[in-house]
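> Protein chains in written order, with the numbering used here: chain W, 23 to 171; chain V, 23 to 171. Handing you a structure now.
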DNA sequence: TGAAATCCAAGCAAAACAGTCGGAAATAAG
DNA sequence: CTTATTTCCGACTGTTTTGCTTGGATTTCA
């Protein structure tokens with residue numbers, strides 16, 4: 023029940039991009055340094071993000087990546103699903119044609135998986151990069167950083 | 023972001039046990055047949071469940087497993103955490119001493135992971151096996167089974 | 001005594017994970 | 001025009017996790 027590094031690094035990197043939104047292209051090298059992620063590995067992640075139109079790239083010297091939409095219009099859910107695939111605790115709630123639910127009894131456990139899936143969706147689909155920028159402001163203003171523990 | 027077969031089979035098996043609560047020991051062979059799970063693999067799962075006192079065993083012929091507490095007192099969360107370990111989308115919200123959060127910026131993404139974790143906890147910690155038995159009654163009463171789709 | 005069950009320890013193939021490596025192509029700056 | 005910078009692309013690889021299987025030992029009821 024954990025996300026892989028693709029999803030975790032990807033969200034960090036997208037948030038990094040959001041903090042530099044409006045300042046022109048950001049080079050992977052800088053994101054990699056700030057977030058302590060292998061640059062080559064980040065390349066793979068950004069290839070996926072670019073193909074799904076969450077970012078756009080500028081090639082060549084002084085190039086880099088930019089958000090393809092303002093932070094208000096990019097949800098955590100879009101980022102994570104792009105990098106992790108569809109979210110759900112079991113195949114039978116992700117893939118309609120799963121063969122795990124032949125038994126009628128198992129439909130009840132499926133109900134549990136569905137509830138988990140929906141509660142995760144609720145969080146990730148209602149949180150945008152702009153919301154995260156707001157969160158960061160609040161964290162920065164609170165000197166002892168206690169409220170989020 | 024998926025549970026492994028241990029968690030998924032484990033919940034199915036525990037629900038199976040719950041449906042036979044009060045009828046004496048249930049043999050793994052029967053659970054395995056009903057839920058279409060390898061019997062030997064189920065053994066491993068039940069070894070874990072037994073060590074964490076969610077079930078008790080009766081050895082020998084006519085033996086089997088029983089819930090160690092009534093279905094009202096066993097939550098989905100207990101079962102899943104026993105079999106999957108602590109739940110959370112990233113190490114930094116599961117393991118306090120994780121080294122992933124050195125950068126202050128990353129605390130914001132951590133806030134997202136925490137919200138996901140809490141919303142999953144809310145579901146699994148408030149659902150008991152007794153709730154699932156109730157769900158099954160509702161499903162059985164609804165002939166066309168449409169409400170849970 | 002024997003069948004039915006849990007208990008226990010190992011082993012193992014396949015898949016997923018988390019990268020690395022080497023170079024090609026594009027572009028801005030000097 | 002050249003060079004440094006940067007994205008782009010594809011292949012490869014070691015490690016870990018997953019999802020079992022196998023083979024037996026032990027307990028207990030009939």
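Ideal Cβ placement from N, Cα and C applies to all residues, glycine included.
(1) Return helix, strand or coil for residue 76 of chain V, following the three-state DSSP convention.
(2) Write down the C-beta distance between residue 143 of chain V and residue 99 of chain V rounded to the nearest angstrom, noting that I regard them as a contact closer than 8 Å.
(3) Is it buried or exposed for residue 108 of chain W, if we count other Cβ within 10 angstroms and need 16 for buried?
(4) Would you tell me roughly how many angstroms separate the C-alpha atoms of residue 134 of chain W and residue 146 of chain V, rounded to the nearest one?
(5) Can you give me the C-alpha to C-alpha distance between residue 180 of chain V and residue 24 of chain V, rounded to a whole angstrom?
(6) Beta-carbon within less than 8 Å of residue 67 of chain V's beta-carbon, same chain only, minus the 5 sequence neighbours each way: which residues are those?
(7) Under a three-way DSSP split, which group does residue 110 of chain W fall into?
(8) What residues of chain W sit near residue 112 of chain V, judged by a beta carbon separation below 7 Å?
(9) Tell me, please, whether the CB atom of residue 141 of chain V is closer than 8 Å to any CB atom in chain W?
(10) I'd like to know whether the C-beta of residue 170 of chain V is nearer than 8 Å to at least one C-beta of chain W.
(11) Which same chain residues, not among the five before or five after residue 153 of chain W, have their C-beta less than 6 Å away from its C-beta?
(12) Spatial neighbours of residue 171 of chain V within its chain, please: CB distance less than 8 Å, with the 5 preceding and 5 following residues excluded, ordered by chain position.
(13) For residue 112 of chain V, is the classification buried or exposed, using 16 other Cβ atoms within 10 angstroms of its Cβ as the cut-off for buried?
(14) Could you name the residues of chain V that residue 134 of chain W contacts, counting a contact when the two beta carbons are closer than 8 Å?
(15) To the nearest angstrom, how far is it from the Cα of residue 76 of chain W to the Cα of residue 54 of chain W?
(16) If you measure from the CB of residue 87 of chain W, is any heavy atom of the ligand GTP nearer than 7 Å?
(17) With residue 29 of chain V as the anchor, note down where its alpha helix (DSSP H) starts and where it stops.
(18) My output table needs one value for residue 142 of chain V: the three-state DSSP class, helix, strand or coil.
(19) Buried or exposed for residue 38 of chain W, going by 16 or more other Cβ atoms inside 10 Å?
(20) Sorted by chain position, which residues of the same chain lie with C-beta nearer than 7 Å to residue 151 of chain W's C-beta, five sequence neighbours on each side aside?
(21) Check the Cβ of residue 158 of chain V against every Cβ in chain W and list those closer than 7 Å, keeping chain order.
(22) Quick one: what does DSSP say residue 85 of chain W is sitting in, helix, strand or coil?
(23) Would you please verify whether the beta carbon of residue 37 of chain V is less than 8 Å from any beta carbon of chain W?
(24) Using a beta-carbon distance below 8 Å, is residue 161 of chain V in contact with chain W?
(25) Checking the sheet assignment: what are the DSSP bridge partners for residue 97 of chain W?
(26) Since residue 137 of chain V meets chain W, which of its residues come closer than 7 Å, beta carbon to beta carbon?
(27) For a quick check, are the C-beta atoms of residue 115 of chain V and residue 148 of chain V less than 8 Å apart?
(28) Roughly how many whole angstroms lie between the Cα atoms of residue 78 of chain W and residue 156 of chain V?
(29) Alpha carbon to alpha carbon, how far is residue 87 of chain V from residue 160 of chain V?
(30) By alpha-carbon positions, which one of V:158, V:132 and V:51 ends up nearest to residue 110 of chain V?
(31) Could one say the Cβ of residue 45 of chain V lies closer than 8 Å to chain W's Cβ atoms, at least one of them?
Looking at the atomic coordinates:
(1) Three-state DSSP puts residue 76 of chain V in coil, outside helix and strand.
(2) The C-beta distance from residue 143 of chain V to residue 99 of chain V rounds to 7 Å, short enough to fall under 8 Å.
(3) Under this definition residue 108 of chain W is an exposed residue.
(4) C-alpha separation (whole angstroms): 8 Å.
(5) No information on residue 180 of chain V is available, as it lies outside the stretch 23 to 171 that chain V covers here.
(6) Taking C-beta separations shorter than 8 Å and ignoring five residues to either side along the sequence, the partners of residue 67 of chain V in its chain run 28, 31, 32, 35 and 105, following chain order.
(7) Here DSSP, grouped into helix, strand and coil, assigns residue 110 of chain W to coil.
(8) Ordered by position in chain W, the residues that pass the 7 Å Cβ test against residue 112 of chain V are 24, 25 and 30.
(9) So yes, residue 141 of chain V belongs to the interface.
(10) Note that residue 170 of chain V has pLDDT 49, beneath the 50 cutoff, so the model's placement of it is unreliable and the number below is only indicative. True, the Cβ-Cβ gap to chain W drops below 8 Å.
(11) Same-chain partners within the cutoff: there are none.
(12) With a pLDDT of only 45 at residue 171 of chain V, under the threshold of 50, the placement of this residue in the model should not be trusted; the figure read from the coordinates follows. For residue 171 of chain V, where only same-chain residues beyond five positions count, there are no Cβ hits under 8 Å.
(13) Classification for residue 112 of chain V: buried.
(14) Residues of chain V with a Cβ closer than 8 Å to the Cβ of residue 134 of chain W are, in chain order, 33, 98, 145, 146, 149 and 154.
(15) If you take the alpha carbons of residue 76 of chain W and residue 54 of chain W, they lie about 18 Å apart.
(16) Among the components modelled here there is no ligand, and therefore nothing to report on the ligand GTP.
(17) Counting along the chain, the alpha helix (DSSP H) containing residue 29 of chain V begins and ends at 27-41.
(18) In the structure shown, residue 142 of chain V sits in a helix (DSSP, three-state: H, G or I).
(19) So residue 38 of chain W counts as buried.
(20) If you ignore the 5 residues before and after residue 151 of chain W, its C-beta comes within less than 7 Å of the C-beta of 36, 37, 40, 93 and 96, all in its own chain and listed in chain order.
(21) At a beta-carbon threshold of 7 Å, the residues of chain W lying near residue 158 of chain V are 130, ordered along the chain.
(22) Of the three classes helix, strand and coil, the one that applies to residue 85 of chain W here is coil, per DSSP.
(23) Interface residue (Cβ-Cβ distance to chain W less than 8 Å): residue 37 of chain V is classified as such.
(24) Yes - at least one Cβ of chain W is within 8 Å of the one on residue 161 of chain V.
(25) Beta-bridge pairing by DSSP links residue 97 of chain W to W:150.
(26) Within chain W, the residues placing a beta-carbon under 7 Å from that of residue 137 of chain V are 145, ordered along the chain.
(27) In this structure, residue 148 of chain V does not lie closer than 8 Å to residue 115 of chain V by Cβ.
(28) Those two C-alpha atoms are separated by around 50 Å.
(29) Separation of residue 87 of chain V and residue 160 of chain V (C-alpha to C-alpha, rounded to the nearest whole angstrom) is 27 Å.
(30) Ranking the options by Cα distance to residue 110 of chain V, first place goes to V:132.
(31) Chain W contact via Cβ: absent.
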